[in-house]
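These notes concern the structure reproduced below.
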Amino acid sequence: MLQVNRRPKSLLDVKMHYCPGCGHGIVHRLVAECLDELEVASRAVGVAPVGCSVFADHYFACDMIQGAHGRGPAIATGIKRSKPECIVFSYQGDGDLASIGMAETVHSAARSENITVVFINNSIYGMTGGQMAPTTLIGQPSTTSPKGRDVKVNGYPIRVCELLSQLDGARYLERTSVHTAAHVIKTKKALKKAFQNQIDGKGFSMVEVLSMCPTNLAIAPKDNAKFIAEKMLPVYPLGVYKDADAPAAGGK
58 MLQVNRRPKS
68 LLDVKMHYCP
78 GCGHGIVHRL
88 VAECLDELEV
98 ASRAVGVAPV
108 GCSVFADHYF
118 ACDMIQGAHG
128 RGPAIATGIK
138 RSKPECIVFS
148 YQGDGDLASI
158 GMAETVHSAA
168 RSENITVVFI
178 NNSIYGMTGG
188 QMAPTTLIGQ
198 PSTTSPKGRD
208 VKVNGYPIRV
218 CELLSQLDGA
228 RYLERTSVHT
238 AAHVIKTKKA
248 LKKAFQNQID
258 GKGFSMVEVL
268 SMCPTNLAIA
278 PKDNAKFIAE
288 KMLPVYPLGV
298 YKDADAPAAG
308 GK
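If you count by this note's numbering, then the sequence shown holds residues 58 to 309, one letter each, in order.
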């Protein structure tokens, strides 16, 4: 029988701890496929965050380091500057990247550090119990906003791609999703471009991935895709928000 699908070499053959229906496992596989196809796994270094993907270092078959909460881009910067031949990626959730780690994210982009950031946006804090995140939608309930996010009290959701797109140092920013098979394919394409940019020395790249969190959103896995399509996409539109290689508007 012809085998048409297999585990990427850059992903270890171990059981993952993620909840059924979670998008982290999908994105892990896509990152691993990119490392394999670009033939950079032997010199790749990943930074695992504090959050649901805190055990990412157990899953990838490349060098990994587990950083303090929110410090992924700073750690990735140090590794890349000291070992520029390495392909360095920081894998982060929305609380890790957009809350405690916002300063590291913004300044790494402003300096155009030649790293790749993988940002998982599931609109909620996962590992710590479903608290409101910087990305939680207006009116969306959480354990710390049981009546829903109130703009007067909590402010508006932070759109990270849009925010970073104003920085000259940000070279490539794209928001994708993994709620359908077609979007999974597009996410891999974006991740591969982000890694290729680093290989080519082009500077800071980030891919934001809208992902499912059935446990903390209290939505059945089969209905989580509908939540992304109907609730998250209007707030977080998909697309390329910055591509320094793209022709300027009105250009030939």
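Where is the CB? At the ideal position from N, CA and C, for every residue including glycine. Here the structure is a predicted model, which means the values were calculated and not measured.
Check the C-beta distance from residue i over to residue j and give it rounded, since I have them as a contact under 8 Å.
| i | j | result |
| --- | --- | --- |
| Gly-260 | Gly-226 | 6 Å |
| His-236 | Met-269 | 6 Å |
| Ala-101 | Pro-65 | Between Pro-65 and Ala-101 the Cβ distance is about 12 Å, and since that is not below 8 Å, they are no contact. |
| Met-189 | Arg-216 | About 16 Å separates the two Cβ atoms, so there is no contact after all. |
| Ser-110 | Asp-93 | The pair is not a contact, with the Cβ atoms about 19 Å apart (cut-off 8 Å). |
| Ser-147 | Val-104 | 4 Å |
| Thr-134 | Glu-96 | The Cβ separation is near 24 Å, so there is no contact. |
| His-126 | Asp-153 | 6 Å |
Taking only the alpha-carbon atoms, compute the straight-line gap between residue i and residue j and give it to the nearest angstrom.
| i | j | result |
| --- | --- | --- |
| Ser-222 | Leu-59 | 44 Å |
| Lys-204 | Asn-178 | 21 Å |
| Lys-279 | Arg-128 | 34 Å |
| Cys-143 | Leu-267 | 27 Å |
| Tyr-25 | Thr-185 | As displayed, the chain neither begins before 58 nor continues past 309, which places residue 25 out of reach and without an answer. |
| Val-208 | Pro-214 | 9 Å |
| Ile-172 | Gly-158 | 16 Å |
| Gly-212 | Gly-196 | 11 Å |
| Arg-86 | Pro-304 | 31 Å |
| Phe-117 | Ala-160 | 27 Å |
| Lys-246 | Ser-139 | 28 Å |
| Pro-130 | Ser-165 | 6 Å |
| Leu-295 | Ile-122 | 30 Å |
| Cys-119 | Ser-202 | 39 Å |
| Ala-167 | Met-289 | 27 Å |
| Val-61 | Val-175 | 27 Å |
| Glu-265 | Ile-256 | 19 Å |
| Gly-124 | Gly-183 | 18 Å |
| Gly-108 | Gly-80 | 14 Å |
| Asn-254 | Gln-149 | 19 Å |
| Pro-291 | Met-263 | 21 Å |
| Pro-141 | Leu-69 | 25 Å |
| Arg-228 | Asp-300 | 6 Å |
| Ala-238 | Asp-151 | 23 Å |
| Ser-234 | Val-210 | 29 Å |
Among the residues of its own chain, which have a CB less than 8 Å from the CB of residue i, if the five just before and after it don't count?
| i | result |
| --- | --- |
| His-74 | Phe-112 |
| Gly-307 | Low confidence applies here, because Gly-307 scores a pLDDT of 49, under 50, leaving its location unreliable; read the following figure in that light. Counting only Cβ-Cβ distances below 8 Å, and skipping sequence neighbours, we find nothing. |
| Asn-281 | Gly-78, His-236, Met-269, Cys-270, Pro-271 and Leu-274 |
| Val-163 | Leu-220, Leu-221 and Leu-224 |
| Gly-82 | Met-73 and Tyr-75 |
| Lys-137 | Cys-143, Val-145, Glu-170, Asn-171 and Ile-172 |
Considering only residues of the same chain and omitting the five flanking positions on each side of residue i, which have a CB-CB separation below 7 Å?
| i | result |
| --- | --- |
| Tyr-298 | Cys-218, Glu-219, Ser-222, Leu-230, Glu-231 and Arg-232 |
| Ile-181 | Gly-187, Ala-190, Thr-193, Ser-199, Cys-270, Asn-273 and Leu-274 |
| Ile-276 | Phe-284 |
By a C-beta neighbour count over all protein chains shown, 10 Å radius and 16 as the cutoff for buried, is residue i buried or exposed?
| i | result |
| --- | --- |
| Val-145 | buried |
| Val-71 | exposed |
| Pro-106 | buried |
| Glu-50 | Since the first residue shown for the chain is 58 and the last is 309, residue 50 is missing from the structure and cannot be characterised. |
| Ile-242 | exposed |
| Ala-155 | buried |
| Arg-63 | exposed |
| Asp-302 | exposed |
Who are the Cβ neighbours of residue i in its own chain at under 6 Å, not counting the five residues just before and after it?
| i | result |
| --- | --- |
| Cys-91 | Leu-248, Lys-249 and Phe-252 |
| Ala-98 | Ser-67, Leu-92 and Cys-119 |
| Ile-132 | Val-104 and Gly-124 |
(Q) Could you tell me which whole alpha helix (DSSP H) segments of length 4 or greater appear in the stretch 255-303? (A) 271-274 and 278-284
Q.
Just to confirm the assignment: which complete beta strand (DSSP E) runs, minimum length 3, are found wholly within the stretch 104-146?
A. 120-123
Q.
Extract the residue ranges of the alpha helix (DSSP H) inside the stretch 200-230, only unbroken runs of 4 or more that lie entirely within it.
A. 208-211 and 217-221
Q | Ranges of the beta strand (DSSP E) found wholly within the stretch 65-111, counting only runs of at least 3 | A | 101-105
Q: Can you check the stretch 169-205 for any beta strand (DSSP E) of at least 3 residues that lies completely inside it and give the ranges in chain order?
A: 173-178
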